[in-house]
Amino acid sequence: AGEAAYASAASFLALKTERLLARSESAGEVSQLHSVLRREGKLLVVLVGLPARGKSYIARSLERHFRWEGVATSTFNAGDYRRREVGVYLPEAFYDPGNKEAQETLERLARQCLQDAVTALQAKREEGGVDIAFFDATNSTKERRKYIAEAVAAANCNINLLFIESVCNDDIVIQENIATSKIVNTEYRGLDRARALSDFEKRVDNYKQKYTSMTPEEGHAFIKNIDVGKQLHTYMVGGFVASRIMKMVANMHIMPRRIWLSRHGQSEYNVQGRIGGNSGLSALGQIYANHLTEFFRERYPPQAEA
Numbered sequence: 001a002g003e004a005a006y007a008s009a010a011s012f013l014a015l016k017t018e019r020l021l022a023r024s025e026s027a028g029e030v031s032q033l034h035s036v037l038r039r040e041g042k043l044l045v046v047l048v049g050l051p052a053r054g055k056s057y058i059a060r061s062l063e064r065h066f067r068w069e070g071v072a073t074s075t076f077n078a079g080d081y082r083r084r085e086v087g088v089y090l091p092e093a094f095y096d097p098g099n100k101e102a103q104e105t106l107e108r109l110a111r112q113c114l115q116d117a118v119t120a121l122q123a124k125r126e127e128g129g130v131d132i133a134f135f136d137a138t139n140s141t142k143e144r145r146k147y148i149a150e151a152v153a154a155a156n157c158n159i160n161l162l163f164i165e166s167v168c169n170d171d172i173v174i175q176e177n178i179a180t181s182k183i184v185n186t187e188y189r190g191l192d193r194a195r196a197l198s199d200f201e202k203r204v205d206n207y208k209q210k211y212t213s214m215t216p217e218e219g220h221a222f223i224k225n226i227d228v229g230k231q232l233h234t235y236m237v238g239g240f241v242a243s244r245i246m247k248m249v250a251n252m253h254i255m256p257r258r259i260w261l262s263r264h265g266q267s268e269y270n271v272q273g274r275i276g277g278n279s280g281l282s283a284l285g286q287i288y289a290n291h292l293t294e295f296f297r298e299r300y301p302p303q304a305e306a
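Each residue of the sequence shown is one higher than the one before, counting from 1 in full-length UniProt numbering.
Structure follows, in structure tokens:
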């Protein structure tokens with residue numbers, strides 16, 4: 001239900017964006033980002049990381065933002081290709097690095113997904129092309145990342161390449177992400193929770209056997225987000241759009257969190273029955289403000305300085 005709701009909302013947003021952009025372009029107006037992309041070149045953003053590290057969340061969040069900005073954007077998810085061709089549920093043994101036939105299938109589907117992303121970047125907007133494409137897959141080996149860079153170079157057009165790696169070593173965050181976004185999706189429908197959790201964890205273990213984190217020696221521009229924003233490592237990130245993405249990733253939260261809303265305490269204008277303005281707080285309003293501060297300090301104690 002969650003994936004269906006997201007797809008519906010994304011389709012609606014895409015339609016509204018295209019209409020607004022078409023209207024602005026017909027009036028001779030082009031967004032700053034659209035203008036920059038024409039100057040700097042289109043962008044392929046490649047996600048990197050083990051399953052349940054927030055890669056798809058990052059891709060979708062960035063896609064949603066750029067669509068809102070009026071930029072033609074799309075996400076190409078290798079998992080979608082696998083589910084369409086091989087099936088929704090596959091046992092963890094399918095992902096075993098020793099399963100040669102399965103590994104060849106996964107690699108072929110990932111390459112097809114990548115090629116579709118590159119083709120979309122090569123095409124003009126009126127032909128269904130995009131300015132920014134997200135390639136959402138594990139892309140966990142140096143060999144895969146080298147192949148991606150070579151495929152982009154072979155496209156022989158102005159496409160920039162940026163990798164975003166999501167690394168998480170916090171077991172609490174990982175387990176929460178697995179429970180809220182992985183074992184409840186269509187792949188594990190019909191399986192009991194314990195079996196689904198065990199199966200998924202074994203799948204992750206299989207990926208760990210061949211996973212290599214990104215390093216500058218690979219020669220690719222990358223953003224590495226470690227433990228949900230606790231650390232951010234970057235290498236060769238340049239240009240307006242890539243720098244914008246870096247700031248967004250640095251401030252992104254992949255875990256659910258509460259948002260508290262509160263009206264201000266009683267103001268002097270409230271006491272006088274006046275509407276509007278920006279007066280100070282009354283004595284009662286100040287008491288409320290102090291209690292509000294205490295309320296949050298009790299529930300969310302300030303973190304000790306490192």
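Note that the Cβ used here is the ideal one computed from N, Cα and C, for glycine as well.
Going straight from the alpha carbon of V45 to that of R263, what length do you get?
Using only the alpha carbons, I get a separation of about 40 Å.
Just how far apart, CA to CA, sit A112 and R189?
At residue 112 the sequence reads Gln, which differs from the Ala that was named. Straight-line Cα distance between these residues: approximately 27 Å.
Hey, is the region 127-142 in contact with the region 69-80, meaning 3+ C-beta pairs nearer than 8 Å?
These segments touch.
Which residues does DSSP pair with S166 in a beta bridge?
DSSP lists N225 as partners of S166.
Along the chain, where does the alpha helix (DSSP H) containing K124 start, and where does it finish?
Unbroken run through K124: none, as it is neither H nor E.
Could you have a look at V30 and say whether DSSP puts it in helix, strand or coil?
With a pLDDT of 49 at V30, under the threshold of 50, the modelled position of that residue is not reliable, and the figure given next carries that caveat. Residue state, collapsed to three classes: coil.
Using only the alpha-carbon positions, how far apart do N290 and E298 sit?
Cα to Cα, N290 sits roughly 13 Å from E298.
Nearest to H253 by alpha carbon, out of R39, L43 and R53?
Taking only the C-alpha atoms, the option nearest H253 is R53.
Taking all protein chains shown into account, do 16 or more other C-beta atoms lie within 10 angstroms of the C-beta of E294, making it buried, or fewer, making it exposed?
Exposed, by the Cβ-count rule.
State the DSSP-derived secondary structure class of V86, mapped to helix, strand or coil.
In the structure shown, V86 sits in coil (DSSP, three-state: anything other than H, G, I, E or B).
Using 10 angstroms around the beta-carbon of G219, count the other beta-carbons present and answer buried if the total reaches 16, otherwise exposed.
Its Cβ having fewer than 16 others within 10 Å, G219 is exposed.
Suppose you measure from the CA of T212 to the CA of M248; what does that come to, to the nearest Å?
Cα to Cα, the separation comes out at about 24 Å.
Just to check my reading of the structure: V241 and V36 have Cβ atoms closer than 8 Å, yes? What is that Cβ distance to the nearest angstrom?
With a Cβ gap of about 6 Å, V241 and V36 count as contacting.
Can you tell me whether S140 is buried or exposed? The criterion is at least 16 other CB atoms within 10 Å of its CB, across all chains shown.
When all chains shown are included, S140 counts as buried.
Between the C-alpha atoms of A78 and Y235, what's the straight-line distance to the nearest angstrom?
Between A78 and Y235, the C-alpha separation is close to 25 Å.
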